[in-house]
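Asker: Going by full-length UniProt numbering, the final residue of the sequence shown carries number 82, and the count climbs one at a time with no gaps.
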Amino acid sequence: MIYKTKGTCSTQIDIELKGDTIGAVKFTNGCNGNLQGISKLVEGMKCEDAIAKLRGIKCGFKNTSCPDQLSYAIEEAMKQNA
Numbered sequence: 001m002i003y004k005t006k007g008t009c010s011t012q013i014d015i016e017l018k019g020d021t022i023g024a025v026k027f028t029n030g031c032n033g034n035l036q037g038i039s040k041l042v043e044g045m046k047c048e049d050a051i052a053k054l055r056g057i058k059c060g061f062k063n064t065s066c067p068d069q070l071s072y073a074i075e076e077a078m079k080q081n082a
């Protein structure tokens with residue numbers, strides 16, 4: 001699934017779920033090294049656990065962040081897979 005981010009330097013998140021687990025994540029644009037790290041950390045994690053850990057993280061003065069947007073991407077992917 002492709003998720004278009006809102007309010008972040010990254011512009012898109014490609015996410016693949018395997019049932020209720022995160023299979024693969026790839027960010028477009030943003031802080032490359034940090035986003036590769038986040039992607040690897042959440043791979044294999046239960047969707048609900050990742051959402052709980054990432055939701056609400058802010059970047060500087062922004063109301064969101066790439067990890068926060070990832071939580072919304074996971075949620076959207078779960079809805080599409082239901």
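We put the beta carbon where it would ideally sit given N, CA and C, even for glycine.
Note that this is a predicted model, so its numbers are computed, not measured.
1. Please determine, among Lys62, Gly44, Pro67, the residue with the shortest C-alpha to C-alpha distance to Arg55.
2. Go to Glu48, then tell me how far its alpha helix (DSSP H) extends in each direction, as first and last residue.
3. Hey, Met1 and Asp20: beta-carbon distance below 9 Å or not?
4. Which residues does DSSP pair with Glu16 in a beta bridge?
5. Answer with buried or exposed for Phe27, where buried requires no fewer than 16 other C-beta atoms within 10 angstroms of its C-beta.
Answerer: The short version:
1. Pro67
2. 47 to 54
3. no
4. Ala24
5. buried
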